[in-house]
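Under the working numbering, the first residue of the sequence shown carries the number 328, and numbering increases by one thereafter. A quick write-up on the structure given underneath.
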Amino acid sequence: MPGMSEASTVSAHAQGLGWMLALPKLGTALLIVAVIALLWLLHRNDLQEQRATLISDVLWLEQNLRFHLSGSESQLQQLAQDLGQDDQQRIFRLRGQHLLNNAAELTRLSLVDERLRVIDTLPAKAPVTLRPEYRDLYEQARALGRPSYARPSLGKEGAKQSVLIPIYGRRNFNGFMLAELDLQVLLRNQVPWWFAEKYQVRLIDDSGTEYAAKSKVAGTPSLNYLLPLDPPGYGLGLEVTAYGSRDNTAQRILAVAIVCLSLGVFWSLWAIRRLIRRRMEVEAALREEHAFRQAMEDSLTAGMRARDLEGAIIYVNPAFCRMTGFTAEELIGHKPPMPYWDPDEIEETMALNRAVLSGNAPSDGFEINFRRKDGSPFRALIYEAPLIDGSGQHVGWMGSVLDVTEKRRAEELARQQQEKLQFTARLVTMGEMASTLAHELNQPLAAIASYAAGCANRLASDRWQPEEIRAALDKLGRQAQRAGEIIRRVQSFVRKSEPKLQPCRLESVIEDSLVLVEADARTRGISIDFQPETALPPIMADQVMIEQVLLNLLRNAMDALADTPAPERRITLQVRNLPQEVEVRVRDQGAGLAPEAAQRLFEAFFTTKPDGMGIGLSICRSIIEFHRGRLWYEPNRHPPGSRGTTFIFTLPKEAHDDPPRPPGG
Ligand code: ADP
């Protein structure tokens, strides 16, 4: 089944699309993870590198400090050695001052004898008091024979560290030299500026007390390294702290931007995915809608045809193709004259086509003869409407075409049958009136015979006057005319003819009808009272048809009077000139309508009479409607206590341009 295979292709397509939609999602998630991992690795490498740099820098600084201190130490030792000679004080003053000048961190030098008395101090004005702890230190230095460092101290003059250097004379130990170092100055001089720009350098003891520090950086500490500076420092440690001073804002911004962009890409993919989903749903709905419309279009029985503003066909539906026998390919793009136009009516069709294209097509449709491809004719009923596109632009014309051939044929058949029935009804009426008409004819014929006999007698007697004979012959002629008139009326009434509307005077139609019923009415003892209207305009009507209506109504009225007492057997015929129409009223004083008759009066073959046919009123109504008039009845109510019924019909006064369809048609 093509439908099923199409459906499975569509679902396979949707599945494939689902996978394709899932892949970027997965890819983007992985990309984000990879980016974050990369950033983390970079950060870790950075930290490691920073630590390695820090360690090497700290080692370098420690080396530098150690080198410097041991340099100073050996200079002090050299001096101490020289002080062991004669002229100790002079040498101390000279060389000691020189040392103080050269080593900035060296703030004081004191010469102390073996009894712990300060012999001399440089600079001279600074008196020195020896701390008790120096005694132990002195013993230690003396025992080891090398410089000993005192515990650093924090005082008003800053952080100081003292070194005791033993002095040996020619024979024995004879005192020591006390050197005081300013730790702050040491750091200031020995830590280079570039180092201080990167790190904070501190000298601390094992309890964490800070003795000296140097730094030019600020911020939050990131890495920190502690290295013991012992010896030569007594329990001192060198602490170097790296600050996150390295400007990695750009790197951070970049990382954040990458993450944000990745999230943005992810989000946009998500949005596109939703969009595609929506699209797919809309497409499915559209396909369904299209299939539904196609099905509707294919099952339409009315032909549809769209044309552009020049009249070229742009669309035809299957029903139109079936109707004309041409395929859509043969018709699309075709310009007038169309292949399905009737070759015998090309001119008329072209004119109609022009009217349609100029927007003057009849709004209630028009009929036209077409030819199928096989040459067979058909009658088409066409409704044309402007074709408006989605933007409200008039782009052409849309026509719906109905094949009304069969309908028109059936209507024609019905019309012919109705006409035959009407004619039959006339013959029946005439048949019913035949005996009274024969009786009616009898009178003039008898008169003619008696006038003829009288004339013959006069001529035979030789006593005749030409005047007498002429008068008798005149009368005879009039009687013959009267008889001839009756026969002419009968003849014209029963003649089979096509309905023909022509101007006629209603009074003369009524009078002609009265001629035909007069004899019957006289026999039944009924008086017919005709009240003609003056200045009645001529009306467009088929005289015989109106006569047939009048005759029917009059005869029904006469039938209704059968049981009415003789003096009241009266029929009133009244004509009224109304603004739009003329009205004819036939009023009887009969028994009135039986209740069951009132409902079905105008039905064909409904009758309450034993010998009635029941087609009279139905034919009357179709005749009156053919003349665009109305036929109805009213029970008589005025004056109060009246009996009987009034049948009323109207006929329009104005002539119509378009001829009405024949009754039943
Ligand atoms: P028919 O005269 O052959 O019966 P019609 O169609 O002329 O057929 O009338 C149908 C019926 O309508 C009549 O049988 C009768 O019962 C009723 N009818 C018609 N005209 C009158 C009237 N003027 N008064 C009472 N009944 C009437």
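The beta carbon of each residue, even a glycine, is placed where N, CA and C say it ideally should be.
Measuring CA to CA, which of Arg458, Ser437, Arg444 and Glu460 is closest to Pro450? Ser437
May I have the straight-line CA-CA distance separating Leu627 from Glu615, to the nearest angstrom? 18 Å
Identify, in the order they occur along the chain, each residue of the same chain with its Cβ nearer than 8 Å to the Cβ of Glu460, setting aside the five sequence neighbours on each side. Ala477 and Arg478
Spatial neighbours of Glu432 within its chain, please: C-beta separation below 6 Å, excluding the five flanking residues on both sides. Leu508, Asp509, Val512 and Leu513
Arg422, enclosing alpha helix (DSSP H) - first and last residue: Gln415 to Asn429
Taking the straight line between their C-alpha atoms, what separation do you get for Lys543 and Ala523? 5 Å
Can you find a heavy atom of ligand 1 that lies under 6 Å from the Cβ of Thr934? yes
What would DSSP say about Ile640, mapped onto helix, strand or coil? strand
With 16 other CB atoms within 10 Å as the buried threshold, where does Leu505 fall? buried
Is any non-hydrogen atom of ligand 1 found closer than 6 Å to the C-beta of Leu920, if you look at the structure I gave you? yes
Inter-residue spacing [alpha-carbon to alpha-carbon] between Arg914 and Phe953: 23 Å
Per DSSP, what kind of secondary structure is Gly692 in: helix, strand or coil? coil
Please work out which residues of its chain come closer than 7 Å, Cβ to Cβ, to Met328, disregarding the five sequence neighbours upstream and downstream, and give them in chain order. Only weak support exists for where Met328 lies, its pLDDT of 43 falling under 50; the coordinates are left without a value.
With a Cβ-Cβ cutoff of 7 Å, do Val385 and Val586 count as a contact? no
Do Arg903 and Pro865 have their beta-carbon atoms positioned less than 7 Å apart in this structure? no
Report yes if the C-beta distance between Ser475 and Leu457 is below 7 Å; otherwise report no. no
What residue ranges within the region 600-688 form continuous beta strand (DSSP E) runs of no fewer than 3 residues, ordered along the chain? 630-635 and 640-643
Go ahead and label Asp984 buried or exposed: buried means 16 or more other beta carbons lie within 10 angstroms of its beta carbon, across all protein chains shown. Its pLDDT being 49, under 50, Asp984 is placed unreliably by the model, and the measurement read from it follows with that caveat. With fewer than 16 Cβ atoms within 10 Å of its Cβ, Asp984 is classed as exposed.
Neighbourhood of Met760 by C-beta, 7 Å cutoff - its chain only, sequence neighbours within 5 removed: Leu843 and Asp847
Pick helix, strand or coil for Asn501, following the three-state DSSP scheme. strand
Contiguous alpha helix (DSSP H) assignments of at least 4 residues, all confined to the region 879-937: 922-927
Consult DSSP for Met940 and reduce its assignment to one of helix, strand or coil. coil
Applying the criterion that 16 or more other CB atoms from any shown protein chain within 10 Å of the CB defines a buried residue, is Ile715 buried or exposed? exposed
Quick one: measure Cβ to Cβ for Phe697 and Leu679, integer angstroms, because I've assumed they're closer than 8 Å. Between Leu679 and Phe697 the Cβ distance is about 12 Å, and since that is not below 8 Å, they are no contact.
Nearest-angstrom beta carbon gap, Glu733 and Trp724 [assumed within contact, 8 Å]: The pair is not a contact, with the Cβ atoms about 26 Å apart (cut-off 8 Å).
Helix, strand or coil for Trp520, going by three-state DSSP, please let me know. helix
Measuring CA to CA, which of Leu403, Gln875, Lys352 and Pro713 is closest to Val821? Gln875
Mapping the DSSP letters down to three states, classify Lys700 as helix, strand or coil. coil
Determine the contact status of Glu910 and Thr861, defining contact as a CB-CB distance below 7 Å. no
Taking the straight line between their C-alpha atoms, what separation do you get for Leu772 and Ile898? 29 Å
Comparing alpha-carbon positions, which option in Pro663, Tyr667 and Ala618 lies nearest Val683? Pro663
Using alpha carbons as the reference points, say which of Ala639, Ser703, Pro967 and Glu961 lies closest to Thr973. Glu961
Thinking just about the alpha-carbon of each residue, which of Ala569, Gly562, Lys487 and His425 is nearest to the one in Thr380? Ala569
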